[in-house]
Amino acid sequence: MLTPETRLRDFPSLADRVYLNTAAEGVPPPAVPAALSQYARDKDLGMDGRKLHQEQWEAAKSLVAEFYGLTPAEIGICSCSSEAYNLAAMALRLKPGDEVVINDLDFPAGATPWLQDGCPATVKIWRNREGALRSPDLVPLLGPRTRLVTVSLVSFFNGFLINLPEVVAAVRKYTPALLAVDVTQALGRIPLDLTGADLIVSSTHKWILSTHGGGLVGVPKAREREWTVPAGGWFNLEDAFGPNRFDRAVSKPGAASFTVGMPNYPVVYATRAALDYVRGVGVANIDRAARPLVLACLDELKKLPVELLTPAEPDHIAGILAFRHPAAERIHAHLHSRNVHVMSHAGRLRVAIHGYNTAADVERFLRELRAALALP
Ligand SMILES: Cc1ncc(COP(=O)(O)O)c(C=O)c1O
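Here our numbering is used: the first residue of the sequence shown is 1, the next is one more, and so on.
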């Protein structure tokens with residue numbers, strides 16, 4: 001785990017800054033800018049650089065595979081989570097009468113492809129109760145016509161961590177539907193067991209501490225037929241330059257069909273370096289260090305005159321806490337002026353605690369929050 005020395009070495013910008021906004025943007029360790037410099041040097045080689053880009057591509061996929069519990073062949077990399085879901089929507093080839101289940105704690109990326117006018121499926125919404133998504137509320141929404149259930153493992157909105165085994169069991173029992181799991185707010189922060197997920201998606205710029213520009217897609221081999229994207233492109237196609245290329249386009253199966261054109265190699269380099277770093281520190285160690293801080297922060301927030309949006313159930317908490325207050329904007333401005341960084345959005349304040357945060361960070365945040373609440 002990070003010591004005070006390695007923390008300062010790897011995250012010098014956190015020396016005097018209370019940074020509790022990793023759910024929006026992670027702070028990369030030096031290996032990430034170094035990887036971007038490496039990309040620039042390799043790019044300088046022109047076409048000869050391609051072999052080096054390819055090596056990084058393979059290394060990045062191997063690391064993502066390790067984090068997802070899959071094999072490298074089951075990993076695809078596109079440009080963001082939203083792109084991954086739009087490609088997934090193409091792969092599903094939904095028809096009128098098909099049903100898709102979304103939920104009201106989800107980030108728009110995974111929920112909105114099915115809400116566009118052009119989508120023929122009927123959308124059902126798994127609604128939260130007091131900030132929690134309960135499996136018994138999902139069951140009545142499932143049936144023979146359900147084609148997809150899409151969830152985030154950890155909600156961007158309030159940090160609620162779903163009980164994945166329960167959701168998998170419900171989906172398997174009541175419907176032939178596929179289950180898509182967005183792990184953007186979990187990957188790199190909590191140990192993952194994604195058994196039963198039929199599609200896994202993550203962005204790259206949050207808890208894994210990489211840059212913008214990546215969508216990490218996992219498609220288990222057993223599901224590659226269902227998740228083969230019928231998109232134009234070339235990187236995604238079998239024999240894209242063969243003699244019959246103007247007769248017919250045939251996608252590579254599964255994960256490989258999610259990278260339609262030239263990969264975004266800068267983020268591939270950055271993500272290889274970032275995942276390597278996170279693996280070196282150890283996700284279990286990160287969670288062991290950060291979880292007590294989250295629970296301590298939650299205990300203190302409960303005592304304050306704020307509306308907690310995160311259910312106070314330790315089994316359903318990862319790295320995010322959220323609360324509302326009528327003066328949220330003013331509170332946020334006060335915190336920011338004291339170099340305490342949290343997320344403020346739509347009247348909600350969100351606190352995100354990673355392995356590079358300390359008990360002193362949480363104390364300073366709470367001190368400044370109490371001061372802001374006491375202001376007229
Ligand atoms: C759960 C979740 N998924 C996806 C994203 C981002 O999606 P994209 O990579 O398309 O920007 C976010 C946050 O920005 C998120 O919280």
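Using N, Cα and C, we set each Cβ at its ideal position, and we do this for glycine too.
All of these numbers come straight from a predicted model, not from anything done at the bench.
Under the three-state DSSP convention, the category residue i falls into
{"i": "residue 297", "result": "helix"}
{"i": "residue 57", "result": "helix"}
{"i": "residue 196", "result": "coil"}
{"i": "residue 147", "result": "strand"}
{"i": "residue 170", "result": "helix"}
{"i": "residue 238", "result": "coil"}
{"i": "residue 100", "result": "strand"}
{"i": "residue 252", "result": "coil"}
{"i": "residue 190", "result": "coil"}
{"i": "residue 122", "result": "strand"}
{"i": "residue 180", "result": "strand"}
{"i": "residue 8", "result": "helix"}
{"i": "residue 160", "result": "strand"}
{"i": "residue 349", "result": "strand"}
{"i": "residue 332", "result": "helix"}
{"i": "residue 15", "result": "coil"}
{"i": "residue 392", "result": "In this structure the chain extends from 1 to 376, so residue 392 is not present and cannot be described."}
{"i": "residue 154", "result": "strand"}
{"i": "residue 325", "result": "coil"}
{"i": "residue 132", "result": "strand"}
{"i": "residue 308", "result": "strand"}
{"i": "residue 316", "result": "helix"}
Proximity test, residue i beta-carbon vs ligand 1 heavy atom, cut-off 8 angstroms
{"i": "residue 107", "result": "yes"}
{"i": "residue 119", "result": "no"}
{"i": "residue 198", "result": "no"}
{"i": "residue 184", "result": "yes"}
{"i": "residue 337", "result": "no"}
{"i": "residue 188", "result": "no"}
{"i": "residue 233", "result": "no"}
{"i": "residue 383", "result": "Here the chain covers residues 1 to 376 and nothing more, so residue 383 does not appear."}
{"i": "residue 83", "result": "yes"}
{"i": "residue 80", "result": "yes"}
{"i": "residue 156", "result": "yes"}
{"i": "residue 215", "result": "yes"}
{"i": "residue 110", "result": "yes"}
{"i": "residue 203", "result": "yes"}
{"i": "residue 152", "result": "yes"}
{"i": "residue 95", "result": "no"}
{"i": "residue 206", "result": "yes"}
Distance between beta carbons of residue j and residue i, contact taken as under 8 angstroms
{"i": "residue 208", "j": "residue 187", "result": "6 angstroms"}
{"i": "residue 323", "j": "residue 306", "result": "4 angstroms"}
{"i": "residue 68", "j": "residue 218", "result": "4 angstroms"}
{"i": "residue 120", "j": "residue 98", "result": "7 angstroms"}
{"i": "residue 275", "j": "residue 64", "result": "7 angstroms"}
{"i": "residue 199", "j": "residue 162", "result": "Contact flag wrong, Cβ pair sits at about 15 angstroms."}
{"i": "residue 321", "j": "residue 297", "result": "6 angstroms"}
{"i": "residue 175", "j": "residue 138", "result": "Not really, about 10 angstroms apart at Cβ, beyond 8 angstroms."}
{"i": "residue 281", "j": "residue 2", "result": "6 angstroms"}
{"i": "residue 116", "j": "residue 269", "result": "Their Cβ separation, rounded to whole angstroms, is 33 angstroms, which puts residue 116 and residue 269 out of contact at 8 angstroms."}
Any non-hydrogen atom of ligand 2 closer than 8 angstroms to residue i Cβ
{"i": "residue 23", "result": "With respect to ligand 2, the structure shown offers nothing to examine, as its ligands consist of ligand 1."}
- Message: Extract the residue ranges of the beta strand (DSSP E) inside the stretch 17-41, only unbroken runs of 3 or more that lie entirely within it.
- Response: With a minimum length of 3 residues, no continuous beta strand (DSSP E) run stays inside the stretch 17-41.
- What are the uninterrupted segments assigned as beta strand (DSSP E) that are 3 or more residues long and contained completely in the stretch 207-235, given in chain order? For the beta strand (DSSP E) assignment, the uninterrupted runs of no fewer than 3 residues enclosed by the stretch 207-235 are, from N- to C-terminal side, 215-218.
- Item | In chain order, each beta strand (DSSP E) run of at least 3 residues that lies wholly inside the stretch 62-86 | Segments of the beta strand (DSSP E) lying fully in the stretch 62-86: 75-78.
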